[in-house]
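Chains A and B, in that order, are what the protein sequence lines are.
At position 10 of the first sequence (counting the first as 1) the number is 10 in the UniProt record's numbering, and the numbers step up by one without a gap.
At position 97 of the second sequence (counting the first as 1) the number is 97 in the UniProt record's numbering, and the numbers step up by one without a gap.
Where is the CB? At the ideal position from N, CA and C, for every residue including glycine.
In what follows, a single structure is set out as structure tokens and then discussed.
Protein chains: 2
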Amino acid sequence: MGLTKSAIFTEEQNHLARMAKVLAHPARVAILQYLVKVNQCICGDLVHEIGLAQATISQHLRELKSAGIIKGNIEGTSVCYCIDAEVWQDVQQLFDGFFNINSTSQSDDCC
Amino acid sequence: MGLTKSAIFTEEQNHLARMAKVLAHPARVAILQYLVKVNQCICGDLVHEIGLAQATISQHLRELKSAGIIKGNIEGTSVCYCIDAEVWQDVQQLFDGFFNINSTSQSDDCC
DNA sequence: ATTGTATATTGCAATATTACGATTAACAAA
DNA sequence: TTTGTTAATCGTAATATTGCAATATACAAT
Numbered sequence: 001m002g003l004t005k006s007a008i009f010t011e012e013q014n015h016l017a018r019m020a021k022v023l024a025h026p027a028r029v030a031i032l033q034y035l036v037k038v039n040q041c042i043c044g045d046l047v048h049e050i051g052l053a054q055a056t057i058s059q060h061l062r063e064l065k066s067a068g069i070i071k072g073n074i075e076g077t078s079v080c081y082c083i084d085a086e087v088w089q090d091v092q093q094l095f096d097g098f099f100n101i102n103s104t105s106q107s108d109d110c111c
Numbered sequence: 001m002g003l004t005k006s007a008i009f010t011e012e013q014n015h016l017a018r019m020a021k022v023l024a025h026p027a028r029v030a031i032l033q034y035l036v037k038v039n040q041c042i043c044g045d046l047v048h049e050i051g052l053a054q055a056t057i058s059q060h061l062r063e064l065k066s067a068g069i070i071k072g073n074i075e076g077t078s079v080c081y082c083i084d085a086e087v088w089q090d091v092q093q094l095f096d097g098f099f100n101i102n103s104t105s106q107s108d109d110c111c
């Protein structure tokens, strides 16, 4: 096999897993942190900043874009990337909701 | 290639990515949600609840355990699993910190 | 000792991810 | 038009993940 059985899970579970997967690589975390810091940048900046090949950075940018968490505007010969603030907040709330489904008794002990 | 270059990233970036990877599968999300709800359970419960093979659930449990987010106590012939509340809170704060590194001007527009 | 229950591990096939060189495409400037 | 810059895409190799049947391990009960 080797193919996730999405059908047996809820929409919420699949969505959270999808967004977590976007954050599941340090390069994508680094890209997002840099974008938050500088507000906007082009692919070449990230190649410099992070130290991976241009093709690799471009691939990570595509994944971030396909998840909707960043946007890219064509600006002459370069592409200007920035965070999609609305999606960012949605994802933030998604994780926040997940971590705050505290059970009545938050016991630490098994059995 | 095909191997993440962890050395060029910060500890924080690697750690966040590692924790995100744990949440990057709906089965593991489902296991954690179930554990939070019922406080503790055994592997067989999850096989029933989720609908994946026993070997597959066991594998996901091992990943969750190796990340430290759950604990397993041997209880006779079965193993009782529960959330590690301390690690859970650490991970919660890790994500919270990541999503709250708001830049001064949270502009939505590129260039 | 044998049987049953519960879980971990092994081995394997299918698929996905990561990384990068090489190439392509789009545009700007000379 | 030619040259340079920027970024996307293609192709490929190395590695990782997912899922499960089969097997192994551990213990409880008969």
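Contacts of residue i in chain B (Cβ-Cβ under 7 Å)
i                : result
GLN40 of chain A : CYS110, CYS111
Contact with chain A by residue i, beta-carbon distance below 8 Å
i                : result
VAL87 of chain B : no
CYS80 of chain B : yes
VAL29 of chain B : yes
GLN33 of chain B : yes
VAL36 of chain B : yes
Closer than 8 Å to chain B by CB, residue i
i                      : result
SER6 of chain A        : yes
ALA55 of chain A       : no
residue 165 of chain A : As displayed, chain A neither begins before 1 nor continues past 111, which places residue 165 of chain A out of reach and without an answer.
Within chain B, partners of residue i - CB distance below 9 Å
i                : result
LEU52 of chain A : LYS5, ILE8
HIS25 of chain A : THR4, ALA17, ALA20, LYS21
DSSP-derived helix/strand/coil call for residue i
i                : result
LYS65 of chain B : helix
LYS71 of chain A : strand
ILE83 of chain B : strand
CYS43 of chain B : helix
Interface residues of chain A facing residue i [CB-CB closer than 8 Å]
i                : result
GLN13 of chain B : PRO26, VAL29, ALA30, GLN33
- Mind checking the stretch 63-74 of chain A against chain B and listing, in chain order, the residues whose C-beta falls within less than 8 Å of any C-beta there? LYS71, GLY72, ASN73
- Query: Any contact of the stretch 21-29 of chain A with the stretch 16-23 of chain B, i.e. 3+ C-beta pairs under 8 Å?
  - Reply: yes
- Query: Should the stretch 26-33 of chain B be called in touch with the stretch 5-19 of chain A, which here means at least 3 C-beta pairs below 8 Å?
  - Reply: yes
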